[in-house]
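Q: So that you can map any letter, position 63 of the sequence shown is 63 in full-length UniProt numbering, and since no number is skipped, the others follow by simple counting.
We treat Cβ as the ideally placed atom computed from N, Cα and C, and that holds for glycine.
Model, not experiment: these values are computed from the prediction.
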Amino acid sequence: MEGSMSDKGVIVNSNLLTRLQKGDGVMTDRGYEITAELQAIGCELYKPPVLDGRQNFTREEEILTKAIASSRIYTEHAIADIKDNRLLQGVMPFNLLPVVDNLVYIAAYLRNFGSSRIHDKRFVVSEDRSGDLDDPKQN
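#1: Determine the extent of the alpha helix (DSSP H) in which Leu64 is found, giving its start and end residues.
#2: Is Tyr109 helix, strand or coil when you go by DSSP?
#3: For my contact list, Ala107 and Ile82 are in at a C-beta cut-off of 8 Å; report their separation, rounded to the angstrom.
#4: Is Leu45 helix, strand or coil by DSSP?
#5: Buried or exposed, going by whether 16 or more other CB atoms sit within 10 Å of the CB of Val99?
#6: Using three-state DSSP, classify Asp135 as helix, strand or coil.
#7: Identify the continuous beta strand (DSSP E) that holds Gly25 and give its terminal residues.
#8: Is Ile11 buried or exposed, if buried means 16 or more other CB atoms sit within 10 Å of its CB?
#9: In the structure shown, what three-state DSSP assignment does Val125 receive?
#10: Rank Asp101, Asn85, Pro93, Phe94 by C-alpha distance to the C-alpha of Phe113 and give the top, closest one.
Structure representation (structure tokens):
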């Protein structure tokens, strides 16, 4: 998306919402105000709670905040991997401006084939490769 646009504008104009299905979960920062758009699709929105004048979070809000923070690290590392891709390093010639979006897309696509920077034993793919997560307490 070129130019100055709000976070909501980027999400709405990117057609990302058309790829979501009922029951999908979307994690955002506090600034993303896409609650109505996600509710229309039937998606769950996960974003850090706000204090709204209170002194403390509730116990449930503390748990949610910690869960979101621990999940965000995966997103932050993926974004860092995309930025570190050699396609996007250095000064880019002006004549590549029309294909910059494509280069970012390719860098993001290639990121899916790299190894993870995070090796958390709580998220181990089961041996049958079905995609289910193993319960670490059983290992």
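A: Taking the definition as stated:
#1: 59-84
#2: helix
#3: 5 Å
#4: strand
#5: By the neighbour-count rule (16 or more Cβ atoms within 10 Å), Val99 is not buried but exposed.
#6: Residue placement at Asp135 is poorly supported in this model, since its pLDDT is 41, which falls under 50; the coordinates are not used for a value here.
#7: 25-27
#8: By the 10 Å Cβ count, Ile11 comes out buried.
#9: Bear in mind that a pLDDT of 40 at Val125, under 50, signals an unreliable position, so the number given afterwards is only what the model happens to contain. Strand at Val125.
#10: Asn85
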